[in-house]
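Single-structure report; data block below.
In mature numbering (1 follows the signal peptide of the UniProt record, and there is no 0), the protein residues as written are -21 to -1, 1 to 266.
Dropping the structure here:
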């Protein structure tokens, strides 16, 4: 009996040492942020995202940033063979609405079809679109590819006004424990159609009345309420690649919000398979 407690202590100590060693042996996640294009402070936002992700996860974040502020911004990394091979997940944070080369876009999509996860932010939803994209695209159509990866088709947004975000699937690993919140003034993207995406959160925005050009606003004009899905997951392609998207994130103040960064980093964990069913990071991946 005299040996029992020392042996127990030794066993517990050894178990803790092994657990700590296992944590340190975990390789950091390799994350690629692709950022640039029209209409947003990508010069600031890619830095906020990198810092926020690395502060929350055992991750090394690389950035492919293009300072081009037009809707035709392209990224050299997509032109390389096996461009995604060194990364565990791609964060699409580009705004390239008028990049319409099917071969260029196809090379991006091929990586995701082959199993490379993606986290899509804000204007990524309004990129790589052509043809009659304002109408619901048909499955398999030439202009449907990007929307099929996203799992939802959006084509526009209303004014910048606060958005009340409600997590509609509170049991999903990404959203467990996250509280609903109301953003600062943000853009609420429309939902032309939900394809194979599964909603995690909706946003409600009160839209002030606005007079048409050349007309006077009636004195009894009232605000309207707009509602859209603002965060969702998707399984894409033959490998059922995990995809997460959120339309929130126009302003740098929103991207810097702790709640937003928490959502993005939990999405990274989910898409890469490193978050458990209770919404906790697997050992070695969280901070």
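We put the CB at the ideal spot given by N, CA and C, even for glycine.
Remember, predicted model here, so these are calculated numbers, not experimental data.
Boundaries of the beta strand (DSSP E) in which residue i is found, first to last residue
i: residue 44; result: 38 to 45
i: residue 14; result: 8 to 16
i: residue 141; result: 136 to 146
i: residue 72; result: 68 to 74
i: residue 167; result: 160 to 168
i: residue 222; result: 220 to 225
Within 8 Å, strictly: CB atoms of residue i and residue j
i: residue 99; j: residue 222; result: yes
i: residue 239; j: residue 228; result: yes
i: residue 153; j: residue 62; result: no
i: residue 75; j: residue 107; result: yes
i: residue 167; j: residue 205; result: yes
i: residue 19; j: residue 42; result: no
i: residue 145; j: residue 181; result: yes
i: residue 211; j: residue 246; result: no
i: residue 235; j: residue 27; result: yes
i: residue 124; j: residue 73; result: no
i: residue 53; j: residue 83; result: yes
i: residue 208; j: residue 255; result: no
i: residue 251; j: residue 121; result: no
i: residue 36; j: residue 237; result: no
i: residue 184; j: residue 137; result: yes
i: residue 139; j: residue 165; result: yes
i: residue 34; j: residue 259; result: no
i: residue 101; j: residue 226; result: yes
i: residue 23; j: residue 40; result: no
i: residue 97; j: residue 56; result: no
i: residue 147; j: residue 109; result: no
i: residue 213; j: residue 175; result: yes
Residue i (DSSP reduced to helix, strand or coil)
i: residue 210; result: strand
i: residue 179; result: strand
i: residue 254; result: strand
i: residue 82; result: helix
i: residue 215; result: strand
i: residue 56; result: helix
i: residue 265; result: strand
i: residue 205; result: strand
i: residue 190; result: coil
i: residue 4; result: helix
i: residue 184; result: strand
i: residue 172; result: strand
i: residue 260; result: strand
i: residue -6; result: The pLDDT assigned to residue -6 is 44, lower than 50, so where the model puts this residue is not dependable; a value taken from the coordinates is nonetheless given after this. Residue state, collapsed to three classes: helix.
Whole-number beta carbon distance between residue j and residue i, since they are thought to touch under 8 Å
i: residue 131; j: residue 173; result: 5 Å
i: residue 202; j: residue 188; result: 6 Å
i: residue 232; j: residue 142; result: Wrong, their Cβ atoms sit about 13 Å apart, outside the cutoff.
i: residue 220; j: residue 95; result: 7 Å
i: residue 38; j: residue 81; result: In fact, because the Cβ distance is near 32 Å, the residues do not count as touching under 8 Å.
i: residue 263; j: residue 10; result: The Cβ separation is near 15 Å, so there is no contact.
i: residue 105; j: residue 128; result: Contact flag wrong, Cβ pair sits at about 14 Å.
Limits of the unbroken alpha helix (DSSP H) element including residue i
i: residue 241; result: 237 to 250
i: residue 232; result: 231 to 234
i: residue 21; result: 21 to 35
In chain order, each beta strand (DSSP E) run of at least 3 residues that lies wholly inside the segment 86 to 132: Counting whole runs of 3 or more residues, the segment 86 to 132 contains the beta strand (DSSP E) stretches 97 to 100.
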